[in-house]
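J.: Let me give you the structure first, and then I'll get to my questions.
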Amino acid sequence: MAFFERSWDTYHTIVAHDLMEHRALTSACARALRQWLRDRPLTSPSSFAGPAMVDLGCGDLTSLAPLLRELPLGSYTGLDLTASVLPRASATLGPVPYPTHWQQGDLLSWATDGPPQRETPHQEAAIDVLHSAFAIHHLNDDDKEVFLRGARQRIARNGLFLWADVFRRPGEAEAEAKRRYGDRVLSGWSPLSAEQKRQTIDHIQALDHPADRAAIQAVAEASGWHWQWLWQGHHDSEALARLTPA
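Counting from 689, one number per residue, gives the positions in the sequence shown under this note's numbering.
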């Protein structure tokens, strides 16, 4: 997270030049959300009020804001470890016809601390839509399992969790996945300066723990989730998974 605090220019260059395939990923996310909204059963008060969405590691919403503006949400909560990004996210999103909330915090605590107190007697504590993009890979494997179990307790019975992230090939060692990604940065991310490439690789080596695709799917299913791969990028790294309560 400190990487993004120090290096917004680098982050925006990565997004602007689609170096991590944000465009295709966001399109896949939009299709999944619209399909879920069409198929969603109207069985609870929140069904009519619009779904409550939580975005873990929301960043400044550079990629997701256009989609959020058109979704019929009941509420949106953006959570990020970097407090200074939250006003930027609010400004990027702009006015929307549903309440928004901005929270500084880490996603593991969010999952394990339990739902907040209800503000009204009729408010549902469960989350209808959970979204996280390029954030959960900062957790180690044990913490990912804790997160998945905790998030399962917080999501509504008919809820949707969209997890976009970098993942390892099945059976690939973490060190090899990081080396492979670093080689990709060095050889293919020409819009970045040499210093920006170095900072990016340093961040990957120090803080990233991409999950093994097969292993994390098994962990999720053991934690009470159905798992479906919706989209996979061209580099055996970026991918989008659709998780629903089992």
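The C-beta atom is built at its ideal place from N, Cα and C for all residues, glycine as well. The structure displayed is predicted, hence computed values, not measured ones.
Alpha carbon to alpha carbon, what distance is there between P739 and R728?
T.: Looking up residue 728 in the sequence shown gives position 40. Looking up residue 739 in the sequence shown gives position 51. Distance between the alpha carbons of R728 and P739: 10 Å.
J.: Give a yes or no on whether the C-beta atoms belonging to L848 and F835 are separated by under 8 Å.
T.: Looking up residue 848 in the sequence shown gives position 160. Looking up residue 835 in the sequence shown gives position 147. Not closer than 8 Å, so no.
J.: Could you spell out the range, first to last residue, of the beta strand (DSSP E) harbouring R930?
T.: Start at 1 with the first residue of the sequence shown, and residue 930 comes out as number 242. First-last of the beta strand (DSSP E) with R930: 926-933.
J.: Go ahead and label G859 buried or exposed: buried means 16 or more other beta carbons lie within 10 angstroms of its beta carbon, across all protein chains shown.
T.: Taking the first residue of the sequence shown as position 1, residue 859 is located at position 171. G859 should be labelled exposed.
J.: In chain order, what residues of the same chain have a beta carbon less than 7 Å from the beta carbon of I892, not counting five sequence neighbours either side?
T.: On the sequence shown, position 204 is the one that residue 892 refers to. Excluding residues within five positions, the ones whose Cβ falls inside 7 Å are K866, Y869, G870.
J.: Go to I889, then tell me how far its alpha helix (DSSP H) extends in each direction, as first and last residue.
T.: Within the sequence shown, residue 889 is the residue found at index 201, counting from 1. Its alpha helix (DSSP H) spans residues 882-895.
J.: If I follow the unbroken beta strand (DSSP E) through L850, where does it start and stop?
T.: Counting from one through the sequence shown, the residue named residue 850 turns up at place 162. 843-856 is the span of the beta strand (DSSP E), which, as asked, contains L850.
J.: Report yes if the C-beta distance between M741 and H789 is below 8 Å; otherwise report no.
T.: If you number the sequence shown from 1, residue 741 lands on position 53. If you number the sequence shown from 1, residue 789 lands on position 101. The answer is no: Cβ separation not under 8 Å.
J.: Could you spell out where the alpha helix (DSSP H) holding Y869 opens and where it closes?
T.: What you label residue 869 is simply residue 181 of the sequence shown in a count that begins at 1. Counting along the chain, the alpha helix (DSSP H) containing Y869 begins and ends at 862-876.
J.: What's the C-alpha gap between D706 and L761?
T.: As a first step, residue 706 must be located in the sequence shown, where it is residue number 18. As a first step, residue 761 must be located in the sequence shown, where it is residue number 73. Distance between the alpha carbons of D706 and L761: 27 Å.
J.: Please name the residue in L928, R757, P787 whose C-alpha comes closest to that of H710.
T.: One-based indexing of the sequence shown puts residue 710 at position 22. Taking only the C-alpha atoms, the option nearest H710 is L928.
J.: R745 to A821, Cα distance in whole Å?
T.: Along the sequence shown, read from residue 1 onward, the residue named residue 745 stands at position 57. Along the sequence shown, read from residue 1 onward, the residue named residue 821 stands at position 133. Rather than Arg, the amino acid found at residue 745 in this sequence is Gly. Taking the straight line joining both Cα atoms gives about 7 Å.
J.: How many angstroms separate the CA atom of T932 from the CA atom of Y764?
T.: As a working note, residue 932 is residue 244 in the sequence shown. As a working note, residue 764 is residue 76 in the sequence shown. Between T932 and Y764, the C-alpha separation is close to 19 Å.
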